[in-house]
Every structure is written in C-alpha cells, then in structure tokens.
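See below for the structure under consideration.
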Amino acid sequence: MVTLKQIASAVGVSSATVSRVLNFDETLSVTSQTRQTIIETAEAMNYATPRNRNRNPFATTATKVALVHFLRPDQELADPYYVSLRLGIESRCAHHKLETVKIYYTAAPRDPKLLRATS
Numbered sequence: 066m067v068t069l070k071q072i073a074s075a076v077g078v079s080s081a082t083v084s085r086v087l088n089f090d091e092t093l094s095v096t097s098q099t100r101q102t103i104i105e106t107a108e109a110m111n112y113a114t115p116r117n118r119n120r121n122p123f124a125t126t127a128t129k130v131a132l133v134h135f136l137r138p139d140q141e142l143a144d145p146y147y148v149s150l151r152l153g154i155e156s157r158c159a160h161h162k163l164e165t166v167k168i169y170y171t172a173a174p175r176d177p178k179l180l181r182a183t184s
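Position in the sequence shown counted from 1, then plus 65, gives you this note's numbering.
In structure tokens, the structure reads:
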C-alpha cells in the first residue's frame, strides 16, 4: 500500500503537494511538469485513495426492477400467458442479478416519485 509520503519522497515535494495535486486542487501553484510527474509516479506506484483502497470489490448495489401487475394474484392464475410472461421476466432479471419488486396496480402509489427507489 503506497502512501502520499512515499510518492512525495520519490518526486521530491511535500506530501501536502501530492495530496492537492491528486485531488485536482486548481488553486495549487505548481508547474505542469511537477503536476504530471506526481500523477505519473502515483500511477506507477499503484496508488489508491483510502476510499478506493477500503472498497469491497465484490460489493455491489442491487439494481431493482419494478414489475407492475395489472391482474390480481387470483386473476393471474387463470391466465397462463400472463404467468409465463411474468416468470420469463423474473427469470431474466435473476440471470442478470436484478432484484424484482412486485407492485400491484390496484395498490400502486399514485405518485411516480415513490417508485424511484426501484430504478
């Protein structure tokens, strides 16, 4: 794990300068050559910010897909086409690791903003 201090030592500047360059501080007065050298050195040393360093590469946020049902559950059972269509959608969503949320039209919120959590 490379630190700002190690990059600063390699380039010959302070760790504060390295931090400000890597955070794209436009108010910092350094030459473009120094700025470029710091960035290239950080990349060559595989520097990762603390936020990226601590991030779990396997953690992902689940994307949700809302399925708005226009039939009540008892009506759906009487319609094999509708059931097969719904099961196909749910199967493809599961294959692509998409979470499905069932919303029945009769109980659906009237405000579309309430559905935004499923996007």
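Ideal Cβ positions, reconstructed from N, Cα and C, are used throughout, including at glycine.
Quantities reported herein were computed from a predicted structural model and do not represent experimental measurements.
In its own chain, which residues sit with a C-beta less than 6 Å from the C-beta of I103, not counting the 5 before and 5 after it? As a first step, residue 103 must be located in the sequence shown, where it is residue number 38. These residues qualify, in order along the chain: V76, V83 and V86.
| request: List the whole-angstrom C-beta distance separating T128 from L163, where the pair is believed to meet the contact cut-off of C-beta under 8 Å. | output: Taking the sequence shown and counting its residues from 1, the one referred to as residue 128 is at position 63. Taking the sequence shown and counting its residues from 1, the one referred to as residue 163 is at position 98. So it is a contact: roughly 5 Å between Cβ atoms.
*From V166 to R151, what does the alpha carbon distance come to, in whole angstroms?*
By one-based count along the sequence shown, residue 166 stands at place 101. By one-based count along the sequence shown, residue 151 stands at place 86. Taking the straight line joining both Cα atoms gives about 12 Å.
>> Mapping the DSSP letters down to three states, classify Y112 as helix, strand or coil.
In response: Locating residue 112 in the sequence shown gives position 47, where the first residue counts as 1. Looking at Y112 - three-state DSSP - the assignment turns out to be coil, as it is neither helix nor strand.
Can you find the residues in the same chain that come closer than 8 Å, C-beta to C-beta, to V148, ignoring five residues on each side of it along the sequence? As a first step, residue 148 is located in the sequence shown; it is residue number 83 there, counting from the start. Only E141 and L142 meet the Cβ criterion.
_At the level of alpha carbons, what is the spacing between N111 and V130?_
Along the sequence shown, one-based indexing puts residue 111 at 46. Along the sequence shown, one-based indexing puts residue 130 at 65. Near 37 Å, if we compare the C-alpha coordinates of V130 and N111.
Can you tell me where the beta strand (DSSP E) with L132 in it begins and where it stops? Against the sequence shown, residue 132 aligns to sequence position 67. First-last of the beta strand (DSSP E) with L132: T128 to H134.
M66 - DSSP class collapsed to helix/strand/coil: By one-based count along the sequence shown, residue 66 stands at place 1. M66 falls in the coil class under three-state DSSP.
Check your understanding: Using CA coordinates, which residue listed in Y170, Y169, I72 and A159 is at the minimum distance from T99?
Key -> Looking up residue 99 in the sequence shown gives position 34. Cα-wise, what sits closest to T99 is I72.
Check each candidate in C158, D144, S79 and R137 and name the one with the smallest Cα separation from I168. On the sequence shown, position 103 is the one that residue 168 refers to. For the residues C158, D144, S79 and R137, the minimum Cα distance to I168 belongs to R137.
Exercise. Where does T102 sit, in a helix, a strand or coil, going by DSSP?
Worked result: For the purposes of this step, residue 102 is taken as residue 37 along the sequence shown, with counting starting at 1. In the structure shown, T102 sits in a helix (DSSP, three-state: H, G or I).
- Task: Closer than 7 Å by C-beta to K70: which residues in its own chain qualify, once you throw out the five before and the five after it? Chain order, please.
- Result: Taking the first residue of the sequence shown as 1, we reach residue 70 at position 5. Counting only Cβ-Cβ distances below 7 Å, and skipping sequence neighbours, we find S80.
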